[in-house]
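Read through the structure below, which is laid out as structure tokens, and then see the notes.
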Amino acid sequence: MDDLVATSAGRVRGIARSPEVLAFLGIPYAAPPFGADRFRAPRPAAGWAGVRDARSFGPVAPQSARLPGMPTWSPGDEDVLTVNVWTRRPAADRPPSPVLCWLHGGAFTFGSAAQPDFDGTTLASAGLVVVTCNYRLGFEGFGRLAGFPDDRGLLDQLAALHWVRDEIAAFGGDPDQVTLAGQSAGATSAACLLGLPEARGLFRRVIAHSPVGVRFTRDAADDVAERIAAVAGLPSVTRLSEASPQTLVAASDAVSAACRADPAEGRRYYDSVLYGPVPADGGADALLAASPEEQLRTGLASDVDLLVCRTADEHWLLHAVDGVPSVVDEAGFADFVAAMGIPEEIVLGLRRRRPAASIVESYLDVFGEFVVGRPAARLIEEHVGAGGRAWSARFARRLGPGGPVPAWHNADLPFAFGNLDVPGAHFLIGGPPGEADRALSRRMTASWVGFATDGDPGWPAVPAAVGPSPTRIWQTPHDSLDRRADDGAVRRDTVRPNDTAG
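Note that the UniProt record's numbering gives residue 490 to position 490 of the sequence shown, counting from 1, and the numbers run on in steps of one.
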């Protein structure tokens with residue numbers, strides 16, 4: 001294999017990313033989900049004659065986001081269901097390489113596989129074949145629409161995994177050694193797929209960084225659809241299929257903004273994410289029969305290894321970018337807890353461990369624990385309880401080159417991918433990286449490679465019996481693990497950290 005690879009759909013020509021790594025970008029894994037195929041399950045991609053240029057990313061899914069270094073969506077861009085592959089140049093004596101298939105985050109509303117943070121060159125140099133994929137977002141991917149399947153974005157991800165199974169050997173990858181990985185919405189997607197019968201055999205391991213809880217019911221999703229239809233000026237939700245993608249993106253942005261501006265919205269005032277997977281709620285016509293945690297309880301995925309990581313200061317990022325409303329006093333904090341339905345044990349537990357925390361600090365800590373910390377811990381608990389193997393990790397690097405910086409949502413990704421200098425990374429990590437940061441990145445990259453290769457990230461798995469559970473703490477030697485006493489961030493009934501520094 002040089003820069004030309006033959007797939008079942010046709011030949012593709014890639015581009016060199018380093019002396020030993022080639023990238024093949026923008027390869028269709030399914031047909032464009034528009035026209036007659038809009039809002040339907042993904043269909044096979046058409047083949048092509050000759051050689052397809054795979055040296056640039058394909059279009060991103062409909063969205064309004066403008067992220068550093070990422071292409072923006074333009075109306076008329078339709079071939080959005082594509083994958084990107086990074087792989088080493090072939091060697092005669094090299095066996096097929098383990099595969100890491102990445103699902104990007106973005107609140108199920110924005111983001112893409114073209115983000116510079118997810119460039120797979122470093123991981124490919126370390127021995128993996130890296131695949132990233134786009135999938136439908138927002139209403140196109142997760143809006144409820146009568147007569148069409150729910151969770152179309154998850155169906156896209158399943159189609160991408162089928163592409164990996166069928167095609168990755170041509171790129172030097174081992175289809176029997178696939179690790180499905182993701183962060184935030186991507187981690188939640190991976191957790192959903194982990195318990196799906198339709199995904200059996202498509203991957204052997206899962207890496208979930210900062211998984212958020214699945215919290216949408218069909219009623220809630222139907223309410224969102226009604227709001228979108230009203231803002232879009234449609235007479236009923238049945239006409240949503242006639243609205244253009246740009247109309248649905250604009251309407252979604254308007255509904256989300258209205259929620260963020262109105263405390264009477266309750267939970268949506270604090271958490272204005274409109275889209276996400278929708279469990280069947282007892283019905284039989286949906287992809288998801290139940291939440292990821294409930295699906296894991298069945299033991300269906302007990303033969304799949306699971307690595308779960310969260311950051312120590314998850315929601316501090318949303319506060320920094322004005323993504324959550326301000327809470328500045330006890331009355332506001334109490335309103336937040338009531339609106340979100342946060343159990344008293346979370347509030348009391350975190351406040352006991354940090355009695356000197358300010359209102360803002362308590363607000364953000366509780367927010368992150370409720371939205372990410374508890375769902376992450378439950379994934380581990382249910383998987384181990386059903387006989388599976390799981391590993392726990394926490395990213396707690398807080399001392400950047402310019403001084404203290406929170407270990408917030410997304411800050412772990414530049415380290416794990418080995419992309420500390422790409423656009424946007426310096427904001428996440430607090431400035432240009434130092435040598436201690438690069439050493440931490442090398443350790444995290446090696447952990448991912450080890451887990452994807454043989455199921456060993458470098459520390460012990462969570463034991464099946466109740467007791468202390470080793471949790472890898474990713475930090476530099478300059479960080480203080482005890483500064484914020486965040487080792488209470490996982491549930492204490494079954495998963496109790498016995499932290500080991502990374």
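Glycine included, every Cβ here is placed at the ideal spot set by N, Cα and C.
These figures come from a predicted structure and were not determined experimentally.
query: Counting only runs that start and end within the stretch 61–108, where is the beta strand (DSSP E) found for 3 or more residues in a row?
result: 82–88 and 97–103
message: Could you compute how far the alpha carbon of residue 406 sits from the alpha carbon of residue 364?
response: Within the sequence shown, numbered from 1, the residue matching residue 406 stands at position 406. Within the sequence shown, numbered from 1, the residue matching residue 364 stands at position 364. Going from the Cα of residue 406 to the Cα of residue 364 covers about 11 Å.
- prompt: With which residues is residue 28 paired in a DSSP beta bridge?
  reply: Your numbering for residue 28 matches position 28 in the sequence shown. According to the DSSP secondary-structure assignment, residue 28 is paired through a beta bridge with 82.
task: Would you list the residues sitting across from residue 209 in a DSSP beta bridge?
output: Here residue 209 refers to the residue found at position 209 of the sequence shown. Its beta-bridge partners are 183 and 309.
- prompt: At what residues does the beta strand (DSSP E) containing residue 380 begin and finish?
  reply: Looking up residue 380 in the sequence shown gives position 380. That residue, residue 380, is in no beta strand (DSSP E); its alpha helix (DSSP H) goes 374–385.
message: Less than 7 Å between C-beta atoms, sequence neighbours within five positions excluded: which residues of the same chain meet that for residue 45?
response: The sequence position of residue 45 within the sequence shown is 45, counting from 1. Within the same chain, residue 45 has close Cβ partners 9, 28, 29, 30 and 31.
message: Three or more C-beta pairs under 8 Å: does that hold for the stretch 89–102 against the stretch 246–260?
response: No, the stretch 89–102 is not in contact with the stretch 246–260.
task: Out of 424, 303 and 430, state which residue places its alpha-carbon closest to the alpha-carbon of residue 179.
output: As a working mapping, residue 179 is identified with position 179 in the sequence shown. Checking every option, the nearest Cα to that of residue 179 belongs to 303.
message: Taking contact to mean 3 or more Cβ pairs, one atom from each stretch, closer than 8 Å, check whether the stretch 305–316 and the stretch 206–222 are in contact.
response: Touching, per the Cβ criterion.
- prompt: If you count every other CB in all the chains shown that lies within 10 Å of the CB of residue 394, and 16 or more means buried, which is it?
  reply: The residue labelled residue 394 in the question sits at position 394 within the sequence shown. For residue 394, the number of other beta carbons within 10 angstroms of its own is at least 16, and it is reported as buried.
field: Endpoints, beta strand (DSSP E) assigned at residue 417
entry: Counted from its first residue, the sequence shown places residue 417 at position 417. Going by DSSP, residue 417 is part of no beta strand (DSSP E) but of the alpha helix (DSSP H) stretching over 413–417.
task: Spatial neighbours of residue 122 within its chain, please: CB distance less than 7 Å, with the 5 preceding and 5 following residues excluded, ordered by chain position.
output: Along the sequence shown, one-based indexing puts residue 122 at 122. These residues qualify, in order along the chain: 417, 418, 419 and 445.
message: Please tell me whether residue 145 and residue 39 are closer than 8 Å, where the distance is taken between their beta carbons.
response: For the purposes of this step, residue 145 is taken as the residue at position 145 of the sequence shown. For the purposes of this step, residue 39 is taken as the residue at position 39 of the sequence shown. Contact flag set, yes.
field: Beta-carbon spacing of residue 52, residue 11 below 8 Å
entry: Within the sequence shown, the letter at position 52 stands for residue 52. Within the sequence shown, the letter at position 11 stands for residue 11. For the pair residue 52 and residue 11, the CB atoms are nearer than the 8 Å cut-off.
field: alpha helix (DSSP H) segment containing residue 121, residue limits
entry: Position 121 of the sequence shown holds residue 121. Looking at the DSSP string, the run of the alpha helix (DSSP H) that includes residue 121 is 121–125.
query: For residue 26 versus residue 103, is the C-beta spacing smaller than 8 Å?
result: The sequence position of residue 26 within the sequence shown is 26, counting from 1. The sequence position of residue 103 within the sequence shown is 103, counting from 1. Contact flag unset, no.
message: If I follow the unbroken beta strand (DSSP E) through residue 132, where does it start and stop?
response: For the purposes of this step, residue 132 is taken as residue 132 along the sequence shown, with counting starting at 1. Looking at the DSSP string, the run of the beta strand (DSSP E) that includes residue 132 is 129–133.
message: Just to confirm the assignment, what range does the alpha helix (DSSP H) spanning residue 163 have?
response: Taking the sequence shown and counting its residues from 1, one reaches residue 163 at position 163. First-last of the alpha helix (DSSP H) with residue 163: 152–167.
task: Counting only the same chain and skipping the five closest in sequence on each side, list residues whose C-beta sits under 6 Å from that of residue 451.
output: Here residue 451 is taken as the residue at index 451 of the sequence shown, counted from 1. Excluding positions up to five away in sequence, the list reads 307 and 457.
task: Out of 37, 334, 438 and 58, state which residue places its alpha-carbon closest to the alpha-carbon of residue 81.
output: Sequence index remark: in the sequence shown, residue 81 carries index 81 (1-based). Nearest option by C-alpha distance: 58.
- prompt: Using the rule of at least 16 other Cβ atoms within 10 Å of the residue's Cβ for burial, across every protein chain shown, is residue 113 buried or exposed?
  reply: Along the sequence shown, read from residue 1 onward, the residue named residue 113 stands at position 113. So residue 113 ends up on the buried side.
task: Output the residue ranges of the beta strand (DSSP E) runs that lie fully inside the stretch 316–401 and measure 3 residues or longer, sorted by chain position.
output: 390–395
- prompt: Three or more beta-carbon pairs under 8 Å between the stretch 418–437 and the stretch 381–395, yes or no?
  reply: no
field: Residue range of the alpha helix (DSSP H) that includes residue 453
entry: Counting from one through the sequence shown, the residue named residue 453 turns up at place 453. Segment 435–454, the alpha helix (DSSP H) holding residue 453.
- prompt: Does the Cβ-Cβ distance between residue 410 and residue 317 come in under 8 Å?
  reply: By one-based count along the sequence shown, residue 410 stands at place 410. By one-based count along the sequence shown, residue 317 stands at place 317. A contact, by the Cβ cut-off of 8 Å.
query: What residues are listed by DSSP as bridge partners for residue 404?
result: Here residue 404 corresponds to residue number 404 of the sequence shown, with the count starting at 1. Partner(s): 399.
query: Who are the Cβ neighbours of residue 203 in its own chain at under 6 Å, not counting the five residues just before and after it?
result: Here residue 203 corresponds to residue number 203 of the sequence shown, with the count starting at 1. Closer than 6 Å at the Cβ level, and outside the excluded window around residue 203, lie 178 and 180.
For residue 174, the three-state DSSP class (helix, strand or coil): Your numbering for residue 174 matches position 174 in the sequence shown. Three-state result, residue 174: strand.
Coil, strand or helix - residue 4 by DSSP: Position 4 of the sequence shown, counted from the first residue, corresponds to residue 4. In this structure, residue 4 counts as strand in the three-state DSSP scheme.
Rounded distance between the beta-carbons of residue 48 and residue 61, thought under 8 Å: As a first step, residue 61 must be located in the sequence shown, where it is residue number 61. As a first step, residue 48 must be located in the sequence shown, where it is residue number 48. About 22 Å; that fails the 8 Å criterion.
- request: Tell me whether residue 465 is buried or exposed, calling it buried when 16 or more other Cβ atoms sit within 10 Å of its Cβ.
  value: Position 465 of the sequence shown holds residue 465. Exposed, because fewer than 16 other Cβ atoms sit within 10 Å of the Cβ of residue 465.
field: Option in 174, 270, 289 and 367 with minimal Cα separation from residue 315
entry: Sequence index remark: in the sequence shown, residue 315 carries index 315 (1-based). Measuring from the Cα of residue 315, the nearest candidate turns out to be 367.
message: Nearest by alpha-carbon distance to residue 300: which of 280, 2, 200 and 16 is it?
response: Within the sequence shown, the letter at position 300 stands for residue 300. It is 200.
field: Opening and closing residue of the beta strand (DSSP E) in which residue 53 lies
entry: Along the sequence shown, read from residue 1 onward, the residue named residue 53 stands at position 53. Per DSSP, residue 53 belongs to the beta strand (DSSP E) from 51–53.
query: Taking buried to mean at least 16 other C-beta atoms within 10 Å of its own C-beta, is residue 433 buried or exposed?
result: Residue mapping note: residue 433 aligns to position 433 of the sequence shown, counting from 1. Per the 10 Å Cβ criterion, buried.
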